[in-house]
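Numbering (UniProt numbering), first residue to last: 1 to 826.
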């Protein structure tokens with residue numbers, strides 16, 4: 001899923017057009033007397049208008065189909081914001097209805113099963129066309145009925161949504177180039193978490209989904225009512241949410257949302273102070289002069305046969321504390337709106353604490369090579385394969401850049417900027433990438449302003465020390481402060497710099513509504529409208545916070561360093577740490593010193609070291625030492641830690657540094673023999689070119705199929721440096737078919753072993769017979785051994801938590817003889 005920052009478009013406080021009113025009134029006296037129609041044309045026009053006000057999108061398209069309207073007419077009706085009006089006008093133009101005859105309409109209503117409506121329409125037609133117009137109160141005003149209110153509500157939110165999904169910026173500083181989200185959206189990696197016990201505790205296995213629509217269509221997820229959609233920063237959560245909105249509004253034929261009667265989309269960062277959800281819907285999705293009340297909104301939603309809620313950015317929701325009992329928390333916990341499905345996007349660090357059993361965890365895994373190519377062809381080069389190949393070559397030739405561009409936001413910005421400049425780039429770190437992006441922001445505005453205006457001194461050298469401090473302080477702790485009132489933000493950073501950053505596009509202003517809950521607030525002041533400001537994307541906030549870090553930690557000692565970073569989780573705010581290292585070598589030494597003192601920090605430190613130069617010549621000794629000690633990739637590692645480990649392995653491979661052993665601990669998802677790689681549960685790929693001597697595959701609570709075990713054997717046969725393969729914690733097949741794979745392993749003296757528990761004996765695979773034998777090679781394991789292993793798997797599945805898992809595997813050894821035994825997971 002491509003990411004466009006927060007997909008900023010027009011602001012929530014909208015100026016409405018008169019299109020809907022104009023289209024509604026066009027049918028009064030609509031019949032052209034030159035057609036030869038007789039009868040009361042004024043009454044017929046009013047009849048048409050009133051009937052149209054009751055027709056839903058589904059009903060209108062069904063009637064159009066039954067009346068054999070051309071496909072182009074049906075499509076136009078389905079895409080119009082007022083399908084009932086367009087249908088009735090089209091039926092008139094096609095001669096299907098007239099002031100003398102509406103039999104085609106009545107037949108269509110009967111055909112689609114609206115038997116009770118047809119007589120009422122007939123009676124209404126007779127009264128209008130006879131000139132016996134209903135007196136005020138004689139017929140219910142459709143605007144006053146629930147049906148009329150629902151129709152008005154739908155019109156309003158369709159207009160609001162259209163402004164949102166038509167306001168996507170591929171490059172923040174080019175605000176005059178707003179695109180429809182569907183023009184740039186590309187379906188990419190998405191997976192769901194299969195739970196072993198059906199609960200939300202502990203681990204599970206991540207399995208691939210076919211597309212972003214699969215959360216609504218895949219039978220494996222039919223139980224779910226809440227979809228917790230994870231994505232790392234910049235991975236496209238907001239863009240995906242907006243694509244769901246587009247699909248629903250436009251009744252896209254391939255979308256499961258086309259038949260959903262109502263979709264409610266809210267960006268949670270606007271809901272300050274636990275705003276009630278009905279008030280939020282009214283204030284953010286409806287015009288400020290709406291006559292609909294919150295009670296109307298509730299009645300309209302409850303009258304719908306099907307509703308989907310899409311809430312974007314729970315990690316940016318100000319009221320997401322552990323004790324929160326507001327409407328959002330109730331909806332997530334299935335204590336409110338229980339019959340509606342919810343899609344909730346968030347960073348992994350912003351997971352709600354209270355989840356119902358009907359919650360399904362889903363995650364975005366970023367762009368793979370195929371998705372990158374599809375995006376470039378669709379959104380950048382207009383199908384020009386040669387231009388796409390040129391951009392892709394730049395990525396493939398630079399491993400650091402390729403790693404950076406796994407983040408959708410970075411990839412999108414890179415390909416658009418590269419295509420516009422048509423120049424090759426030398427970018428060897430996240431820091432150099434951001435420098436390039438910021439320079440492009442300023443370069444563009446300088447060209448745009450030119451000699452026309454000297455209002456701003458657009459230069460990237462502009463001092464932003466106050467902004468750096470604001471950004472750093474905003475990222476402290478769990479409840480990060482990422483939205484400010486415009487007036488307060490101007491006070492904090494000074495107005496000239498503020499105006500400059502808004503003009504450039506790094507800061508985004510939005511008109512929003514706030515609910516004032518302070519005691520003594522008058523009814524008139526309860527709802528306040530004001531202008532808020534935020535960064536185009538949180539990653540830009542991290543860029544400025546990194547400058548503050550780089551400037552302020554040079555003189556700090558170890559204890560002061562701990563206090564300085566105590567409220568900044570490096571695995572949530574990795575770019576603050578990495579960019580600070582790239583900005584200041586002295587700061588880098590301090591940061592790396594700090595990272596070595598925290599759990600998992602050693603691996604992350606590799607990425608921070610690379611930020612200084614992008615080269616590894618000055619760190620080969622450090623890499624060699626880490627490879628000598630062994631590398632562990634665990635299923636409980638964060639995506640950042642797994643990626644750090646992969647980066648270490650890639651560096652070792654390119655520099656021919658041998659890896660003593662590698663443990664894949666409960667993180668193996670699949671083997672792709674076509675690319676000679678192993679795919680981990682995080683979606684990352686480990687290739688067979690890694691120079692590893694000993695490989696441990698730890699699959700707890702698993703009985704392996706023969707195909708799974710053979711795929712691993714085949715991968716092992718492709719690893720040229722491998723000397724030992726260990727299966728641990730699982731139950732492998734009793735035997736293997738003798739064939740080329742076993743022969744290859746035997747010819748290269750690769751030993752294959754199995755141990756199912758710490759206190760269990762080791763077994764060695766006889767590569768000649770394909771059967772397991774004990775260490776002495778004089779007997780095969782009894783069937784009871786496999787049965788005991790299976791029984792233990794069931795016990796562990798019931799009792800293990802993450803903590804007991806880590807405790808147990810911390811004493812596991814990768815090989816069976818004590819002279820070469822290494823502590824694998826300390």
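Just so it is clear, CB atoms sit at the ideal spot from N, CA and C, and this is done for glycine as well. What you are looking at is a predicted structure, and each value in this text was computed from that prediction instead of being measured.
Could you say which of the options lies nearest to residue i if we only look at CA atoms?
| i | options | result |
| --- | --- | --- |
| residue 287 | 178, 511, 349 and 783 | 511 |
| residue 92 | 59, 52 and 690 | 52 |
| residue 770 | 752, 786, 782 and 757 | 752 |
| residue 285 | 207, 292 and 157 | 157 |
| residue 255 | 290, 296 and 216 | 216 |
| residue 146 | 99, 298, 119 and 257 | 298 |
| residue 760 | 495, 774, 767 and 768 | 774 |
| residue 242 | 296, 160 and 274 | 160 |
| residue 363 | 214, 437, 473 and 263 | 214 |
| residue 361 | 209, 710, 487 and 610 | 209 |
| residue 68 | 95, 47 and 353 | 95 |
| residue 767 | 695, 675 and 749 | 749 |
| residue 696 | 500, 556 and 659 | 659 |
| residue 61 | 476, 50, 412 and 90 | 90 |
Rounded C-beta distance between residue i and residue j? I'm assuming under 8 Å.
| i | j | result |
| --- | --- | --- |
| residue 83 | residue 77 | 5 Å |
| residue 224 | residue 351 | Not a contact, Cβ separation roughly 16 Å. |
| residue 343 | residue 310 | 5 Å |
| residue 673 | residue 714 | 6 Å |
| residue 385 | residue 419 | About 14 Å; that fails the 8 Å criterion. |
| residue 182 | residue 246 | 5 Å |
| residue 864 | residue 308 | This structure does not reach residue 864, given that the chain is present from 1 up to 826, and the question cannot be answered. |
| residue 534 | residue 482 | 6 Å |
| residue 649 | residue 631 | 6 Å |
Given this structure, state the Cα-to-Cα distance separating residue i from residue j, to the nearest angstrom.
| i | j | result |
| --- | --- | --- |
| residue 21 | residue 253 | Low per-residue confidence applies at residue 21: pLDDT is 35, beneath 50, and the placement is therefore not dependable enough to give any value. |
| residue 267 | residue 784 | 57 Å |
| residue 59 | residue 179 | 31 Å |
| residue 719 | residue 712 | 11 Å |
| residue 572 | residue 184 | 27 Å |
| residue 366 | residue 240 | 12 Å |
| residue 265 | residue 280 | 10 Å |
| residue 637 | residue 538 | 23 Å |
| residue 392 | residue 480 | 36 Å |
| residue 827 | residue 691 | Residue 827 is absent from the model: the chain starts at 1 and stops at 826. |
| residue 250 | residue 75 | 10 Å |
| residue 166 | residue 248 | 14 Å |
| residue 666 | residue 206 | 11 Å |
| residue 231 | residue 356 | 20 Å |
| residue 550 | residue 469 | 11 Å |
| residue 435 | residue 689 | 33 Å |
| residue 334 | residue 340 | 9 Å |
| residue 634 | residue 642 | 7 Å |
| residue 576 | residue 590 | 14 Å |
| residue 494 | residue 548 | 17 Å |
| residue 629 | residue 621 | 12 Å |
| residue 151 | residue 85 | 12 Å |
| residue 218 | residue 486 | 44 Å |
Buried or exposed: where does residue i fall if 16 or more other Cβ atoms within 10 Å of its Cβ makes it buried?
| i | result |
| --- | --- |
| residue 123 | exposed |
| residue 782 | exposed |
| residue 45 | buried |
| residue 707 | exposed |
| residue 383 | exposed |
| residue 554 | exposed |
| residue 739 | exposed |
| residue 465 | exposed |
| residue 220 | exposed |
| residue 302 | exposed |
| residue 43 | buried |
| residue 558 | exposed |
Just to confirm, does residue i get its C-beta within under 7 Å of one of the non-hydrogen atoms of the ligand SAH?
| i | result |
| --- | --- |
| residue 705 | Looking at this structure, you won't find the ligand SAH or any other ligand, since it has none at all. |
Is the region 208-228 touching the region 182-194, taking contact as three or more C-beta pairs under 8 Å? Taking 8 Å as the limit for Cβ pairs, the verdict is that the region 182-194 does touch the region 208-228.
Measuring CB atoms only, is the region 582-591 touching the region 491-507, in the sense that at least three cross pairs come out at less than 8 Å? no
Any 3 or more C-beta pairs closer than 8 Å across the region 366-378 and the region 291-307: no
Would the region 677-688 and the region 726-739 be scored as touching if the rule is three or more Cβ pairs under 8 Å? no
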